[in-house]
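A short write-up of the structure that comes next.
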Amino acid sequence: MLVYTLKRLCYAVPTLLIVITLAFFLMHLAPGGPFDGERSLPPEIEANLMAAYHLDQPVWKQYLIYLGNLLQGDFGPSFKYKDFSVTELIAQGFPVSLELGLWAIALALAIGLPLGVIAALKRNSGLDYLVMGTALAGVAVPNFVIAPLLALVFGVFLAWLPVGGWNDGHWRNMVLPIVALSIQQIAYIARLMRASMIEVLGSHHIRTARAKGLTETAVILRHALRPALLPVVSYLGPAIAGIITGSVVIEQIFGIPGIGRYFVQAALNRDYTLVMGTVVFYGALIVLLNLVVDLLYSALDPQIRHDD
Amino acid sequence: MLQSRTLLGSLALTLGLAAAPLHADTLRIAIMGEPASLDPHKISGTWENDVVGDLFEGLITEAADGERIPGVAESWEISEDGTVYTFHLRESARWSDGTPLTADDFVFALRRILNPATAADYAYLLYPIRHAEAVYSGEMAPESLGVEALDDQTLRITLERATPYFLDQLSHYTAYPVPRHVVEEHGDRWSRAGTLVSNGPFTLQRWQSQTRIEAVRNPHYHDAENVALDEVIYFPIEERNTALNRFRAGEIDVARDFPTQQYDWLQENLPEATHTAPYLGIYYYALNARDGHPTADPRVREALSLAVRREVITEQILGTGEQPAYHFVPPGANHHQSLASPLNGLDEEARLARAGELMREAGYGPDNPLSLKLRYNTSEDHRTVAIAIAAMWRPLGVEVELFNSEVAVHYADLRRGDFDVGRAGWIGDYNDPQNFLSLLESGVANNYGAYSQADFDALMAQAAETQDLTARAALMGEAEALALGDSAVLPIYYYVSRNLVNPALAGWENNLEDIHRSRWVSFEDGQ
Chain A
1 MLVYTLKRLC
11 YAVPTLLIVI
21 TLAFFLMHLA
31 PGGPFDGERS
41 LPPEIEANLM
51 AAYHLDQPVW
61 KQYLIYLGNL
71 LQGDFGPSFK
81 YKDFSVTELI
91 AQGFPVSLEL
101 GLWAIALALA
111 IGLPLGVIAA
121 LKRNSGLDYL
131 VMGTALAGVA
141 VPNFVIAPLL
151 ALVFGVFLAW
161 LPVGGWNDGH
171 WRNMVLPIVA
181 LSIQQIAYIA
191 RLMRASMIEV
201 LGSHHIRTAR
211 AKGLTETAVI
221 LRHALRPALL
231 PVVSYLGPAI
241 AGIITGSVVI
251 EQIFGIPGIG
261 RYFVQAALNR
271 DYTLVMGTVV
281 FYGALIVLLN
291 LVVDLLYSAL
301 DPQIRHDD
Chain B
1001 MLQSRTLLGS
1011 LALTLGLAAA
1021 PLHADTLRIA
1031 IMGEPASLDP
1041 HKISGTWEND
1051 VVGDLFEGLI
1061 TEAADGERIP
1071 GVAESWEISE
1081 DGTVYTFHLR
1091 ESARWSDGTP
1101 LTADDFVFAL
1111 RRILNPATAA
1121 DYAYLLYPIR
1131 HAEAVYSGEM
1141 APESLGVEAL
1151 DDQTLRITLE
1161 RATPYFLDQL
1171 SHYTAYPVPR
1181 HVVEEHGDRW
1191 SRAGTLVSNG
1201 PFTLQRWQSQ
1211 TRIEAVRNPH
1221 YHDAENVALD
1231 EVIYFPIEER
1241 NTALNRFRAG
1251 EIDVARDFPT
1261 QQYDWLQENL
1271 PEATHTAPYL
1281 GIYYYALNAR
1291 DGHPTADPRV
1301 REALSLAVRR
1311 EVITEQILGT
1321 GEQPAYHFVP
1331 PGANHHQSLA
1341 SPLNGLDEEA
1351 RLARAGELMR
1361 EAGYGPDNPL
1371 SLKLRYNTSE
1381 DHRTVAIAIA
1391 AMWRPLGVEV
1401 ELFNSEVAVH
1411 YADLRRGDFD
1421 VGRAGWIGDY
1431 NDPQNFLSLL
1441 ESGVANNYGA
1451 YSQADFDALM
1461 AQAAETQDLT
1471 ARAALMGEAE
1481 ALALGDSAVL
1491 PIYYYVSRNL
1501 VNPALAGWEN
1511 NLEDIHRSRW
1521 VSFEDGQ
């Protein structure tokens, strides 16, 4: 197991290097630069800025400089947010996105899993159609519709919760964004769980368990739940990586200081260092979470073992 | 009914009933973006001005109505030829840490912003100062800049040539002093909470990036006893709808913009809070005068300009009080005198007839339609305007291809000259027609259409040398009329400023430059 983990971590290095290289050159290929804005700068000003950020060097040289700095853990300064380095921006924003994301995933699991199981057990009943119909709506309605709606109803009309802001992570400020983030996840998880549960319930070992005369509850909890969770677990890897790196929509609408906005804003601003910082960070998270998922898999399913 | 109840609810909130954790005399402002920095030398946006202008104060500053009034300078003399300014600083001037603010801090600041190593992108505003351009280009040492401290309270600034708007410019953040003792100690990291020291009515307490900036009253400010607020909190909110919702919920007192689509609703439901006012800015189309583009033909440019029905755009498409533009310099600009515009002399029918005639003269018509490439930066409003204008041009036999791209790409394309018609806008850096008209001078970076006309350049050069304000205004009026006669650009409308302001606030005045310093603002009932 340990050897397997170490091996996987070693594979991650070339994977990340490829991601970094592709992102770096694609970014420089994109038209427009960090200093192209509504106001053109006089040439001498632009020259000074380019020199200050090493942009006057050939791209391959910039790439080597970037890799060199990265090896020392230096993501460089942000072009846009001049008072902060990229490392600081990620360090400030990530805990916020992480906290919101984990709550949202927890909420999604707490609601989505039981819903999926219930729908599977009462397959083709009115309850099943109700749950799956609601889930379908949850998947279909984008969060840029849900979030403002929540803000309008609970913030403006009912005035139960703040419309936006972070307020140092006060729970009142977290409720609406967490709900908005989790609605789609609830829907996905419920649908995944239902499908997988139905499949497991039709399998041989469940028939055997029932034939042995176990109670239905015991059959489901002891024999069906664990294998049925596998597809959900493999979905959770990328889903958690996605949700804890923030959502630009939710952050903009609720004014949350997470890192989701940087993925979009940095690219639009051609804030090269911030683009690279978020790409490297997100890439590393995905690699790490996929590894965790694979390890969890073997814990859940005895047929999968990572011995070598 | 529901709406009026929520209105009452939001008023109750703003009166402090629900805002218990906040101090009563706290002003909460939604600014339209996260500041790039709080170092006055490292910013170039209007939203940063909202914060930095409360934290710092220049030699000259702005009154509630935008008028320029003495700031750190108590008085000044200007030499006969208009090139030497001698400022007398207030003896009471202090930094927020209590250190005296001296003329040397200004010398330090101006040398710093013009030092190429600072890489300040807005430094060119200070080019009127003697040797500023040479210093910025690295041709001269920062010490040769025309700025010197005669003693602690006396500052002398020498200009390249007389510049009538120079005093105005000194109120801009590029000319703010920075605390030498702090910058030298902390280097580039001085402008963060904990180290930032400022000289304005408020001083930085806390900066949580992307959420809030908190500033408290600066006890060392020279006019501190007349500052009513104890605290100002700035919330960077880019999303206009979010700002509106938070305003309605009473979470903020001022929103520095609102979504234009909500204007009717706002006028209906929050009329006292909804402010729109003329703004020193113009929305226009650049017409590419480079060889090989159909718009290089002045007849084509004129026809295009004549056929745009600007009232339709301002009234039916935008509808938030924008004014149709027939000139390039917005009305109300200082030292300006616009001459009659060739664009609105005729009634609509005659204008269209004239446009058709010009197109025929230029060789276009039903059998030889003109195909144009119109570029705009991606935004719903720009798209609507572009579609409307394309429809207005169709009767002339003009087929428009619309291209949209994000801001960085759009302006890079305009600079490369890869367009026939390109969307552009300009907000005055300072209140003078020169700031607008210089966009049409030969070889200027922001002259997207590459309009080049020797007589225009000569008039602008002559105006620059003219000290008499009336004569100078006449020269620039003439230059503007010349460019409009050539249809150098296609002015569409003058911008308006849009704000939502809690009606319980006193001292908040609309003004042409949309500058609002928190020192003038107070809560009316004294709470």
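Chains as they are written, first to last, in the working numbering: chain A, 1 to 308; chain B, 1001 to 1527.
Every residue gets a Cβ at the ideal spot worked out from N, C-alpha and C, and that includes glycine.
Residue pairing of Asp1097 of chain B in beta bridges, as defined by DSSP: absent, with no partner found. One Cα belongs to Met1 of chain A, the other to Ala140 of chain A, and the distance between them is close to 40 Å. Judged by beta-carbon spacing, Thr1086 of chain B lies within the 8 Å limit of Thr1154 of chain B, meaning their Cβ atoms are closer than that value.
DSSP places Val3 of chain A within a helical segment (H, G or I) once states are collapsed to three. Take Phe1456 of chain B, set aside five residues on each side of it, and the residues of its chain with a beta-carbon closer than 6 Å to its own are Ala1479, Leu1482, Ala1483, in chain order. Excluding the 5 residues flanking it on each side, Tyr1283 of chain B has same chain C-beta neighbours closer than 7 Å at Gly1425, Ile1492, Tyr1493, Tyr1495, in chain order. The alpha helix (DSSP H) runs lying completely inside the segment 2-58 of chain A and spanning 4 residues or more are 2-29, 43-52, given in chain order. Between Val1135 of chain B and Leu1114 of chain B, the gap from beta carbon to beta carbon is short of 8 Å. If you ignore the 5 residues before and after Pro34 of chain A, its C-beta comes within less than 7 Å of the C-beta of Phe79, Asn269, Arg270, Asp271, Tyr272, all in its own chain and listed in chain order.
Counting along the chain, the unbroken alpha helix (DSSP H) around Glu1380 of chain B starts and ends at 1380-1393. At a Cβ-Cβ threshold of 8 Å, Thr1320 of chain B and Thr1276 of chain B count as neighbours.
In the structure shown, the three-state DSSP call for Trp171 of chain A is helix. Within 10 angstroms of the beta-carbon of His54 of chain A lie fewer than 16 other beta-carbons, which makes it exposed. Excluding sequence positions up to five before and after Glu1524 of chain B, its CB lies within less than 8 Å of the CB of Ala1504, Leu1505, Ala1506, all in the same chain and listed in chain order. Shortest Cα-Cα distance from Asn1344 of chain B to any of B:Tyr1326, B:Ala1353, B:Glu1441 involves B:Tyr1326. Taking a C-beta cut-off of 9 Å against chain B, the contacting residues of the segment 22-42 of chain A are Ala30, Pro31, Gly32, Gly33, Pro34, Phe35, Asp36, Gly37, Glu38, Arg39, Ser40, Leu41, Pro42, listed in chain order. Residue-level contact check: Arg1354 of chain B does not touch chain A, since none of the beta carbons of chain A fall below 8 Å from its beta carbon. If you look at Gln1462 of chain B, you'll find it in the alpha helix (DSSP H) that goes 1454-1465.
Under the 8 Å Cβ criterion, the segment 138-153 of chain A counts as touching the segment 177-186 of chain A, having at least three qualifying pairs. A direct Cα-Cα distance of roughly 6 Å separates Phe75 of chain A from Thr87 of chain A.
For Pro1116 of chain B, the nearest beta carbon of chain A is closer than 8 Å to its own beta carbon. Leu1280 of chain B and Asn1510 of chain B do not touch by the CB rule: their CB atoms are close to 12 Å apart, not below 8 Å. Exclusion of the five residues before and after Ala284 of chain A leaves Leu16 as the residues of its chain whose Cβ lies within less than 7 Å of its Cβ.
Unbroken beta strand (DSSP E) runs of no fewer than 3 residues, entirely contained in the segment 1427-1510 of chain B, are found at 1489-1501, following chain order.
Nearest neighbour of Ala1109 of chain B by Cα position, chosen from B:Ser1096, B:Thr1099, B:Leu1126, B:Ala1093, turns out to be B:Leu1126. Between Asp1413 of chain B and Pro1294 of chain B, the C-beta spacing is not below 8 Å. Take Leu1346 of chain B, set aside five residues on each side of it, and no residue of its chain has a beta-carbon closer than 6 Å to its own. Residue burial annotation: Phe25 of chain A is exposed, with fewer than 16 other C-beta atoms found within 10 angstroms of its C-beta.
Annotation for Asn1404 of chain B: the continuous beta strand (DSSP E) segment containing it runs 1398-1405. Taking a C-beta cut-off of 7 Å against chain B, the contacting residues of the segment 58-85 of chain A are Lys80, Tyr81, Lys82, Asp83, Phe84, listed in chain order.
With a minimum length of 3 residues, the unbroken runs of beta strand (DSSP E) contained wholly in the segment 1306-1390 of chain B fall at 1370-1377. Using a Cβ-Cβ cut-off of 7 Å, Leu1038 of chain B is close to Asp83 of chain A, given in chain order. Tyr1122 of chain B has its alpha-carbon roughly 12 Å from the corresponding atom of Arg1112 of chain B. A straight line joining the alpha-carbon of Gln1453 of chain B with that of Asn1218 of chain B spans about 51 Å. Legend: CB atoms of the segment 1406-1431 of chain B lying less than 9 Å from CB atoms of chain A belong to residues Glu1406, Val1407, Ala1408, Val1409, His1410, Tyr1411, Ala1412, Asp1413, Leu1414, Arg1415, Ala1424, Gly1425, Trp1426, Ile1427, Asp1429. Assignment of beta strand (DSSP E) within the segment 1274-1299 of chain B, counting only whole runs of 3 or more residues, yields 1274-1287 in chain order.
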